[in-house]
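Let me begin by presenting the structure, written as structure tokens, before commenting on it.
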Amino acid sequence: MSVLGMAVIGLNLAETGRDDWRPRLMTRILAVRQVAGVILLGAALALEAAFVGVLSPRDRVIVGLVALFPIASNVTLFATLLDTNRKSAAILVALSSAVSLVLVLLVVGVFHSAMPTS
26 MSVLGMAVIG
36 LNLAETGRDD
46 WRPRLMTRIL
56 AVRQVAGVIL
66 LGAALALEAA
76 FVGVLSPRDR
86 VIVGLVALFP
96 IASNVTLFAT
106 LLDTNRKSAA
116 ILVALSSAVS
126 LVLVLLVVGV
136 FHSAMPTS
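This note's numbering applies: residue 26 is where the sequence shown begins, and numbers increase by one.
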């Protein structure tokens, strides 16, 4: 399914033109999504640590990286299926993939030595 989802994204990206890439809007959407993801997942992990305590500190760090992962290709698949904003959805998935690659590498690179081993 993931391969087919990425194929749909590629096909939708091929149809985009210069007018479809609205940098200010896309930047705002991605920024809100990244910040909200970090806050919500951070709150969930804090609650887990305070009341459940099943995850080790290292597992919490790894789960915390999920907030930096890209927007799922399902967004584009549904937009294509409903024929609504499919180009914008494809652009957001592509941009969030690029941003995620950089952010995950940056966070792992910076915090690798501070990550607990057990």
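Each residue gets a CB set at the ideal place from its N, CA and C atoms; glycine is no exception.
Only a predicted model underlies this, so the values are computations on that prediction, with no experimental measurement involved.
query, result
"Are the segment 35-44 and the segment 110-118 in contact at 8 angstroms, needing three or more beta carbon pairs?", "yes"
"For residue 97, which of helix, strand or coil comes out of DSSP?", "coil"
"Any heavy atom of the ligand NAD closer than 8 angstroms to the Cβ of residue 31?", "The ligand NAD is not part of the structure shown, which contains no ligands of any sort."
"Buried or exposed: where does residue 48 fall if 16 or more other Cβ atoms within 10 Å of its Cβ makes it buried?", "exposed"
"If you scan the segment 46-70 from start to end, which runs of the beta strand (DSSP E) of 3 or more residues do you find wholly inside it?", "none"
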